[in-house]
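Okay, structure first, notes after.
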Amino acid sequence: MAFSKPLCIRFQENGILGTIANRHLQFVGVNNFSSTRMSGTPQGLSLEKCSDKKDTLYKSVEIEIRSGEPAVLLSYEWFTSYAAKQLGITIGKCWAPPKAHHNRLTLLKSIHIYKKHRVQYEIRTYFRHMTYERLTESTLKTFLEYIQRNVPEGVAVKVTKKSVVNLPPSLNDSVRRLSLQ
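First residue of the sequence shown? That's 1 in full-length UniProt numbering, and the numbers climb one at a time after it.
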């Protein structure tokens with residue numbers, strides 16, 4: 001059975017938001033949930049038309065996390081990998097540099113004299129990199145919102161996305177000409 005126009009059923013059950021669009025299940029963020037409901041539909045369920053906007057495809061998404069404590073990073077990496085498995089996201093390479101980044105600062109103990117008396121301070125920063133492959137925009141938004149809301153204290157997160165785009169028409173024509181020769 002094919003629908004001429006996409007039909008969406010949005011639901012909220014036990015705090016989980018989701019959308020069933022033409023027999024495909026999608027989870028959506030809280031901002032996209034419509035609380036309007038039609039008469040005769042159960043509470044937390046609404047029928048509406050889906051937007052025809054296509055999702056952006058991402059070839060890979062690299063997440064870099066950094067902190068001063070390596071055990072916290074390892075625990076957070078486990079958490080994000082587990083969340084990705086639950087959402088059906090393909091996990092790529094997860095790795096960490098062998099050594100921490102050291103930032104050393106040497107200062108005088110006294111403000112005016114005694115140049116030979118110094119104190120040295122050091123800040124160590126540990127990194128971990130995680131790669132997730134072949135994601136859609138809606139899945140990525142849900143995943144990033146979930147992991148960014150659960151970032152431990154003292155951990156910084158940097159996200160790098162690589163999207164898949166169509167070639168511009170001018171390049172597409174030149175590629176066709178080259179392939180014909």
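The C-beta atom is built at its ideal place from N, Cα and C for all residues, glycine as well.
When the Cα atoms are used, what is the spatial distance from H102 to Y132?
In a straight line, the C-alpha of H102 is about 28 Å away from that of Y132.
Going along the chain, which residues of its own chain have a beta-carbon closer than 6 Å to the beta-carbon of I63, five neighbours each way excluded?
M130, V159
Taking all protein chains shown into account, decide if V61 is buried (16 or more other Cβ within 10 angstroms of its Cβ) or exposed.
buried
Our contact map puts D55 next to S138 with C-beta atoms below 8 Å; I'd like the distance itself, whole angstroms only.
5 Å
Based on the DSSP secondary-structure assignment, which residues constitute the bridge partners of A156?
A156 pairs with R66.
Starting from the C-beta of A100, find all residues in its chain whose C-beta is less than 7 Å away, skip the five residues before and the five after it, and write them out in chain order.
Cβ neighbours of A100 within its own chain (closer than 7 Å, five residues either side excluded): R124, T125, Y126.
Should the stretch 111 to 125 be regarded as contacting the stretch 139 to 149, the criterion being three or more beta carbon pairs within less than 8 Å?
Put simply, the stretch 111 to 125 does not touch the stretch 139 to 149. Fewer than three CB pairs are less than 8 Å apart.
From what residue to what residue does the alpha helix (DSSP H) around I147 run?
137 to 149
Short check: CB of G154 to CB of E77, under 8 Å?
no
With a Cβ-Cβ cutoff of 8 Å, do A83 and F143 count as a contact?
yes
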